[in-house]
Amino acid sequence: MHLVELVALLAVVQYLFFAVLVGRARGHYGVKAPAVNGHEGFERIYRVQMNTLELLVALLPALFIAARFWPAAWVAGVGALYLLGRFVYWRAYVDVPSRRGLGFALSMVPVLALLAMALAGAVLR
Amino acid sequence: MHLVELVALLAVVQYLFFAVLVGRARGHYGVKAPAVNGHEGFERIYRVQMNTLELLVALLPALFIAARFWPAAWVAGVGALYLLGRFVYWRAYVDVPSRRGLGFALSMVPVLALLAMALAGAVLR
Amino acid sequence: MHLVELVALLAVVQYLFFAVLVGRARGHYGVKAPAVNGHEGFERIYRVQMNTLELLVALLPALFIAARFWPAAWVAGVGALYLLGRFVYWRAYVDVPSRRGLGFALSMVPVLALLAMALAGAVLR
Numbered sequence: 009m010h011l012v013e014l015v016a017l018l019a020v021v022q023y024l025f026f027a028v029l030v031g032r033a034r035g036h037y038g039v040k041a042p043a044v045n046g047h048e049g050f051e052r053i054y055r056v057q058m059n060t061l062e063l064l065v066a067l068l069p070a071l072f073i074a075a076r077f078w079p080a081a082w083v084a085g086v087g088a089l090y091l092l093g094r095f096v097y098w099r100a101y102v103d104v105p106s107r108r109g110l111g112f113a114l115s116m117v118p119v120l121a122l123l124a125m126a127l128a129g130a131v132l133r
Numbered sequence: 009m010h011l012v013e014l015v016a017l018l019a020v021v022q023y024l025f026f027a028v029l030v031g032r033a034r035g036h037y038g039v040k041a042p043a044v045n046g047h048e049g050f051e052r053i054y055r056v057q058m059n060t061l062e063l064l065v066a067l068l069p070a071l072f073i074a075a076r077f078w079p080a081a082w083v084a085g086v087g088a089l090y091l092l093g094r095f096v097y098w099r100a101y102v103d104v105p106s107r108r109g110l111g112f113a114l115s116m117v118p119v120l121a122l123l124a125m126a127l128a129g130a131v132l133r
Numbered sequence: 009m010h011l012v013e014l015v016a017l018l019a020v021v022q023y024l025f026f027a028v029l030v031g032r033a034r035g036h037y038g039v040k041a042p043a044v045n046g047h048e049g050f051e052r053i054y055r056v057q058m059n060t061l062e063l064l065v066a067l068l069p070a071l072f073i074a075a076r077f078w079p080a081a082w083v084a085g086v087g088a089l090y091l092l093g094r095f096v097y098w099r100a101y102v103d104v105p106s107r108r109g110l111g112f113a114l115s116m117v118p119v120l121a122l123l124a125m126a127l128a129g130a131v132l133r
């Protein structure tokens, strides 16, 4: 098992799952392409996908660079917390956008931890 | 020749080409920054760029992780299908957004295939 | 010191810094999630973050592939120019969006240079 690669791929799968929900919401709420506005129900899940894209771009390089300097099990464990945090974020944002803070923190803190691990490795070793 | 790296770089070049078209459409349709709305012609090409960004973030890690476990020619071949699918998507979306399905499928299926190849490698080997 | 990894991580940190500014601008300008429109001050910093995301997705693969074929100090040096260009872009865009051209060029040209270096390496070596 390649744990770090597995976590990276699961983060991509989770993100594509949110993208599929956006596609379904287009039909459900009648928001026709190229519009990305017009119904708050659509906008919420669209923002979940976009925010996940925004974090994924930070997560993946941090994850792979951290894995060059730290044990794979540690790096994959922190990455797994990110996956969990994103699910919490999704459920909260779709229910009540103003309550997305906890899920956001649960997915942002692992990204910052991996960035710190990667920076420490890149500078000190 | 490093085929996998070449396909990854061509995917980035194709994406930047769409970004250049968005910049030109700003002038052509009179959509001034920071707005990204206001004229459907602009919004169509902007959505092509954004959707390509959304897929590229999934394609690149899937491509490079798949290449660790499978022959470079196979991985690069699937990646080349993605490039073709994105061109079909672009032409269709700009003409008639509702007909973007074929090009979308032609670029999404290779991403899913590379993800499956990468996941199989990361879990089984 | 791992210079290429350091530049990649600093590009991610810079991008997350812009994301934090977007979060603060939500409160400052009263733009409530899931909206990303409604006040030009918010839209400007939001566009800085999005445009940086758009470039980062091109920068990171170009940087790492270029580093396989060229000396790390050259690759990291070009990447450092990108970091500088993004700071210039940010300051200009927030002040006067129409004057963002110089900062954009200062960050886009290094991305294109790294892409050219990576393509030359992938094709010729």
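Residue numbers (this note's numbering), protein chains in the order written: chain A, 9 to 133; chain B, 9 to 133; chain C, 9 to 133. We put the beta carbon where it would ideally sit given N, CA and C, even for glycine.
Residue span of the alpha helix (DSSP H) that contains F95 of chain A, given as start and end | By one-based count along the first sequence, residue 95 of chain A stands at place 87. A80 to D103 is the span of the alpha helix (DSSP H), which, as asked, contains F95 of chain A.
Beta-carbon separation (whole angstroms), P69 of chain C vs G93 of chain C, contact threshold 8 Å | For this step, residue 69 of chain C is matched to residue 61 along the third sequence. For this step, residue 93 of chain C is matched to residue 85 along the third sequence. At roughly 18 Å, the Cβ-Cβ gap does not stay under 8 Å, so P69 of chain C and G93 of chain C are not in contact.
Beta carbon proximity, V131 of chain A to chain C, threshold 8 Å | Reading the first sequence from its first residue, position 123 is the one you call residue 131 of chain A. Put simply, the CB of V131 of chain A is near chain C, with a gap under 8 Å to one of its CB atoms.
For the region 31-50 of chain A, enumerate the residues whose C-beta is nearer than 7 Å to any C-beta of chain B, in chain order.
-> Identification of residues in the region 31-50 of chain A having a C-beta nearer than 7 Å to some C-beta of chain B yields A41 and P42, given in sequence order.
Which listed residue (B:A88, B:A66 and B:E48) has its alpha carbon closest to that of G43 of chain A | On the first sequence, position 35 is the one that residue 43 of chain A refers to. It is Ala, not Gly, that sits at residue 43 of chain A in the sequence shown. When the alpha-carbon of A43 of chain A is set against those of B:A88, B:A66 and B:E48, the nearest one is in B:E48.
Tell me, please, whether the CB atom of L64 of chain A is closer than 8 Å to any CB atom in chain B?
-> To locate residue 64 of chain A, count along the first sequence from 1; it is residue 56. Yes, its Cβ sits closer than 8 Å to a Cβ of chain B.
Answer yes or no: does any C-beta atom of chain A fall closer than 8 Å to that of A100 of chain B?
-> As a first step, residue 100 of chain B must be located in the second sequence, where it is residue number 92. Interface residue (Cβ-Cβ distance to chain A less than 8 Å): A100 of chain B is not classified as such.
In the DSSP assignment, find the alpha helix (DSSP H) that holds F190 of chain C and state where it starts and stops.
-> Only positions 9 to 133 of chain C appear in this structure, which leaves residue 190 of chain C out of reach.
Own chain, CB closer than 7 Å to L11 of chain B, minus 5 neighbours either side, in chain order = Locating residue 11 of chain B in the second sequence gives position 3, where the first residue counts as 1. So the list reads A80, A81 and A84, once near-sequence residues are dropped.
Between the beta-carbon of L122 of chain A and the beta-carbon of L71 of chain A, is there less than 8 Å?
-> Here residue 122 of chain A refers to the residue found at position 114 of the first sequence. Here residue 71 of chain A refers to the residue found at position 63 of the first sequence. Contact flag set, yes.
From the beta carbon of A70 of chain C, is the nearest beta carbon of chain B less than 8 Å away?
-> What you label residue 70 of chain C is simply residue 62 of the third sequence in a count that begins at 1. A70 of chain C counts as touching chain B.
Chain D within 8 Å of P105 of chain A, Cβ atoms only = No chain D appears in this structure, whose protein chains are A, B and C.
Alpha-carbon spacing of A124 of chain A relative to R133 of chain A, whole angstroms | Locating residue 124 of chain A in the first sequence gives position 116, counting from the first residue. Locating residue 133 of chain A in the first sequence gives position 125, counting from the first residue. In a straight line, the C-alpha of A124 of chain A is about 14 Å away from that of R133 of chain A.
For M125 of chain A, decide whether its Cβ has a neighbour in chain B, counting only Cβ atoms nearer than 8 Å.
-> One-based indexing of the first sequence puts residue 125 of chain A at position 117. No, M125 of chain A does not count as interfacial toward chain B.
What are the residues of the region 15-29 of chain B that lie near chain C, defined by any Cβ-Cβ distance shorter than 8 Å?
-> Listed by position, the residues of the region 15-29 of chain B near chain C (Cβ gap below 8 Å) are A16, L17, V20, V21, Y23, L24 and A27.
By Cβ distance, which residues of its chain are closer than 6 Å to A33 of chain B, with the 5 residues on each side in sequence left out?
-> As a position in the second sequence, residue 33 of chain B is number 25, starting the count at 1. Counting only Cβ-Cβ distances below 6 Å, and skipping sequence neighbours, we find F50 and I53.
Going along the chain, which residues of its own chain have a beta-carbon closer than 8 Å to the beta-carbon of G87 of chain A, five neighbours each way excluded?
-> Here residue 87 of chain A is taken as the residue at index 79 of the first sequence, counted from 1. A distance below 8 Å between beta-carbons, with the five flanking residues on each side excluded, links G87 of chain A to the following residues of its chain, in chain order: V12, V15, A16, A19, L67, L71, P118 and L122.
Just the Cα atoms here: how many angstroms apart are G109 of chain B and L63 of chain B?
-> By one-based count along the second sequence, residue 109 of chain B stands at place 101. By one-based count along the second sequence, residue 63 of chain B stands at place 55. Near 14 Å, if we compare the C-alpha coordinates of L63 of chain B and G109 of chain B.
In or out: V39 of chain B buried (at least 16 other Cβ within 10 Å) or exposed?
-> In the second sequence, the residue the question calls residue 39 of chain B occupies position 31. With 16 or more neighbouring CB atoms inside 10 Å of its own CB, V39 of chain B falls in the buried class.
Chain B residues whose Cβ lies nearer than 7 Å to that of L61 of chain A = Numbered from its first residue, the first sequence carries residue 61 of chain A at position 53. Within 7 Å Cβ-Cβ: E62 and V65.
Interface partners of R52 of chain A on chain C, CB under 9 Å = The residue you call residue 52 of chain A lines up with position 44 of the first sequence. Here the neighbours are A41 and P42.
Straight-line CA distance for A41 of chain C to M58 of chain C?
-> Along the third sequence, read from residue 1 onward, the residue named residue 41 of chain C stands at position 33. Along the third sequence, read from residue 1 onward, the residue named residue 58 of chain C stands at position 50. Put simply, the backbone Cα of A41 of chain C is about 16 Å away from that of M58 of chain C.
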